[in-house]
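Asker: Have a look at this one.
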Amino acid sequence: ENYIKHEYRIPMRDGVTLFTSVLTPKDDSQKYPILMSRTPYTVDAYGKDNYPLRRLHEWKHLAEDKFIFVFQDVRGRFMSEGEFVNMRPYIADKKSSSDIDESSDTYDTIEWLINNIPNHNGNVGIWGISYPGFYTAMGAIDAHPALKAVSPQAPIADWFVGDDVHHNGAFALAPLFSFWSFMGAPQPELTTEWPAGFEFPTPDGYQFFMEMGPLPNANKKYFKGEIAFWNEMMEHGTYDEFWQSRSSLPRFKNIKPAVMTVGGWFDAENCFGALQTYQAIEQNSPDTYNILIEGPWFHGGWVRSEGSSLGNIQFGSKTGEFYKENIELPFFKYYLKNEDELN
């Protein structure tokens, strides 16, 4: 009840518009920083009267301190126009308005926000877990001057070497089959709905994949060539230019915003991404304020749980709650509000 929601179509430099939800504090007695999340997984709630309750719950510690929250469907996903490209390669030498990447889309979004959203204080931060962590990290490259703080959390960094798709080159068939059945489904038009995804005929995953047989049978029996990125993965079985161009790690040079990378030691998806993102910035952008936060968490567990346990293992304290109140909130308050201290 403390925020009012607006929805916009923000134009990019090539004319494509990206669907963006903006939640602004009703209290207009002061100016607030902008805190943004860009996602391929939907902004969660469409319509001015529908609020992203899950996200606001995750950001409760931030919402209570009052920020202007921005949620955006990335290019080609759900209600945003354009073509979606998985881990879109970065273009260092942009020659025209058609040369776009996630860095430029972030820049253009911030430029529009600071010129069109009232009551902001001129400072912008970006935050995201997992795939949104990739978009967060890419937004720090060639950053808009208003972007002061970024927090890539469990970010995808390299899909061949260590994140999600491959772990040290080994293809992660079981989780990827399910994930790409819905994430990779064609989206011929703007939509607010997720595709259905694959319905497994048995709860026994081992039995299913044994009966499926060799990897090419995934397409022959089930996907029928309709999952474009699955086809590309099958065509690129080595660490070639396709995968190398999608790695964020070599791009982290001359990073201007402060960076707080977050990861979990029990993250089965993107433990690699957090560690390597921090290390790449530390090595290639030594003047950047760059810190790494790691804890006893599963994928996103520092925000999606109180962090007091993992399975039957009890930690004796609410590590996630401690992180949110004593690390994340002070980080954004310091860089976006010029308040608080960094410990």
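Sequential numbering from -10 applies to the sequence shown in this note's numbering. Even for Gly, the Cβ is constructed at its ideal location relative to N, Cα and C.
#1: Short of 8 Å in beta carbon distance, which residues of its chain neighbour F171, apart from the five on each side in sequence? Order them along the chain.
#2: Quick check: what's the CA-CA separation for K20 versus K55?
#3: Going by DSSP, what residue range makes up the beta strand (DSSP E) through D94?
#4: Could you tell me which whole alpha helix (DSSP H) segments of length 4 or greater appear in the segment 241 to 295?
#5: I need the straight-line Cα distance from L179 to E330, nearest angstrom please.
#6: Under the rule that 16 or more other beta-carbon atoms within 10 Å means buried, what is Q196, buried or exposed?
#7: Less than 8 Å between the C-beta atoms of S410 and W116, yes or no?
#8: Rounded to the nearest angstrom, how far is the Cβ of F255 from that of L299, given a contact under 8 Å?
#9: Which residues does DSSP list as the beta-bridge partners of K114?
#10: Quick one: what does DSSP say I302 is sitting in, helix, strand or coil?
#11: Hey, how far is the Cα of E314 from the Cα of S297?
#12: Per DSSP, what are the beta-bridge partners of P0 in this structure?
#13: Find the nearest neighbour of K307 within the set L318, P319, N220, G290, judged by alpha-carbon distance.
#14: My parser needs the alpha helix (DSSP H) runs of 4 or more residues fully inside the segment 204 to 248; what are they?
#15: G4: which of F168, T98, F160 sits nearest, CA to CA?
#16: Please report the straight-line C-alpha distance between F168 and E200, rounded to a whole angstrom.
#17: What does the alpha-carbon distance come out to for the pair Y40 and Q61?
#18: Please list, in chain order, all residues of the same chain as F241 whose beta carbon is under 6 Å from its beta carbon, the five residues on each side excluded.
#19: Starting from F197, follow its DSSP beta bridges and name the residues at the other end.
#20: For H109, count the other beta carbons within 10 Å of its own beta carbon; 16 or more makes it buried, fewer makes it exposed. Which is it?
#21: Can you grab the Cα-Cα spacing for the pair I316 / G128, in whole Å?
#22: Just verifying my parser: in three-state terms, what is the DSSP assignment at L179?
#23: Compare the beta carbon distance of T333 and V59 with 8 Å and say whether it is the shorter of the two.
#24: Considering only DSSP beta bridges, list what P14 is partnered with.
#25: Compute the Euclidean distance between the alpha carbons of K320 and Y96, then round it to the nearest angstrom.
#26: With 16 other CB atoms within 10 Å as the buried threshold, where does H133 fall?
#27: What residues match up with Q61 in a beta bridge as DSSP calls it?
#28: Taking contact to mean 3 or more Cβ pairs, one atom from each stretch, closer than 8 Å, check whether the segment 225 to 233 and the segment 146 to 165 are in contact.
#29: For F123, tell me which candidate among W48, D90, I280, N112 has the shortest Cα-Cα distance.
#30: Give me the Cα-Cα distance between P203 and F218, rounded to the nearest whole angstrom.
#31: Could you please give me the residues that DSSP links to F187 through a beta bridge?
#32: Using three-state DSSP, classify H46 as helix, strand or coil.
#33: Kindly examine the ligand FAD and report whether one of its heavy atoms sits closer than 7 Å to the Cβ of W101.
#34: Specify, as a first and last residue, the run of the alpha helix (DSSP H) that G122 falls within.
#35: Can you name the residues that DSSP bridges to H337?
Answerer: The answer reads as follows:
#1: Indexing the sequence shown from 1 puts residue 171 at position 182. Excluding positions up to five away in sequence, the list reads W183, P184, A185, G186, F187.
#2: Here the question's residue 20 lines up with position 31 in the sequence shown. Here the question's residue 55 lines up with position 66 in the sequence shown. Approximately 10 Å, taken between the alpha carbons.
#3: Stepping through the sequence shown from its first residue, residue 94 is reached at position 105. Per DSSP, D94 belongs to no beta strand (DSSP E); it is in the alpha helix (DSSP H), 91 to 105.
#4: 260 to 273, 290 to 293
#5: The residue labelled residue 179 in the question sits at position 190 within the sequence shown. The residue labelled residue 330 in the question sits at position 341 within the sequence shown. So the alpha carbons of these two residues sit roughly 43 Å apart.
#6: Counting from 1 along the sequence shown, the entry for residue 196 is found at position 207. The residue in question, Q196, is exposed, as its Cβ has fewer than 16 Cβ neighbours within 10 Å.
#7: This structure cannot settle anything about residue 410, because the visible part of the chain is limited to -10 through 332.
#8: Against the sequence shown, residue 255 aligns to sequence position 266. Against the sequence shown, residue 299 aligns to sequence position 310. The Cβ separation is near 6 Å, so the contact holds.
#9: Position 125 of the sequence shown, counting from 1, holds the residue named residue 114. Note that residue 114 is Gly in the sequence shown here, rather than Lys. DSSP output for G114 lists L24, A138 as bridge partner(s).
#10: Within the sequence shown, the letter at position 313 stands for residue 302. If DSSP states are grouped into helix, strand and coil, I302 belongs with the strands.
#11: Stepping through the sequence shown from its first residue, residue 314 is reached at position 325. Stepping through the sequence shown from its first residue, residue 297 is reached at position 308. Distance between the alpha carbons of E314 and S297 is about 15 Å.
#12: One-based indexing of the sequence shown puts residue 0 at position 11. DSSP output for P0 lists T6 as bridge partner(s).
#13: By one-based count along the sequence shown, residue 307 stands at place 318. Checked all of L318, P319, N220, G290; the closest Cα to K307 is G290.
#14: 217 to 224, 230 to 233
#15: Taking the sequence shown and counting its residues from 1, one reaches residue 4 at position 15. Nearest C-alpha to G4: T98.
#16: As a working note, residue 168 is residue 179 in the sequence shown. As a working note, residue 200 is residue 211 in the sequence shown. Cα to Cα, the separation comes out at about 19 Å.
#17: Translated into positions along the sequence shown, residue 40 becomes position 51. Translated into positions along the sequence shown, residue 61 becomes position 72. Distance between the alpha carbons of Y40 and Q61: 14 Å.
#18: Within the sequence shown, numbered from 1, the residue matching residue 241 stands at position 252. Counting only Cβ-Cβ distances below 6 Å, and skipping sequence neighbours, we find A269, I270, N273, S274.
#19: Numbered from 1 along the sequence shown, position 208 holds the residue referred to as residue 197. Answer by DSSP bridge pairing: none, since F197 is not bridged.
#20: In the sequence shown, residue 109 corresponds to position 120, counting from 1. With 16 or more other Cβ atoms within 10 Å, it is buried.
#21: Position 327 of the sequence shown, counted from the start, is the residue given in the question as residue 316. Position 139 of the sequence shown, counted from the start, is the residue given in the question as residue 128. Their backbone Cα atoms lie some 21 Å apart in a straight line.
#22: Counted from its first residue, the sequence shown places residue 179 at position 190. Residue state, collapsed to three classes: coil.
#23: The question about residue 333 has no answer here: the residues shown for the chain are numbered -10 through 332.
#24: Position 25 of the sequence shown, counting from 1, holds the residue named residue 14. DSSP output for P14 lists Y(-8) as bridge partner(s).
#25: In the sequence shown, counting from the first residue as 1, residue 320 sits at position 331. In the sequence shown, counting from the first residue as 1, residue 96 sits at position 107. For the record, residue 320 in the displayed sequence is Phe; it is not Lys. In a straight line, the C-alpha of F320 is about 22 Å away from that of Y96.
#26: On the sequence shown, position 144 is the one that residue 133 refers to. Under this definition H133 is a buried residue.
#27: For the purposes of this step, residue 61 is taken as the residue at position 72 of the sequence shown. Bridge partners of Q61: T9, R27.
#28: yes
#29: Numbered from 1 along the sequence shown, position 134 holds the residue referred to as residue 123. Minimum Cα distance to F123 is reached at D90.
#30: Within the sequence shown, numbered from 1, the residue matching residue 203 stands at position 214. Within the sequence shown, numbered from 1, the residue matching residue 218 stands at position 229. Going from the Cα of P203 to the Cα of F218 covers about 19 Å.
#31: The residue you call residue 187 lines up with position 198 of the sequence shown. For F187, which the question treats as bridged, DSSP gives no partner whatsoever.
#32: Reading the sequence shown from its first residue, position 57 is the one you call residue 46. In this structure, H46 counts as helix in the three-state DSSP scheme.
#33: With respect to the ligand FAD, the structure offers nothing, as it holds no ligand at all.
#34: The sequence position of residue 122 within the sequence shown is 133, counting from 1. Taken as a continuous stretch (DSSP letters only), the alpha helix (DSSP H) holding G122 covers 120 to 128.
#35: Outside the displayed span of the chain (-10 to 332) sits residue 337, for which this structure offers no information.
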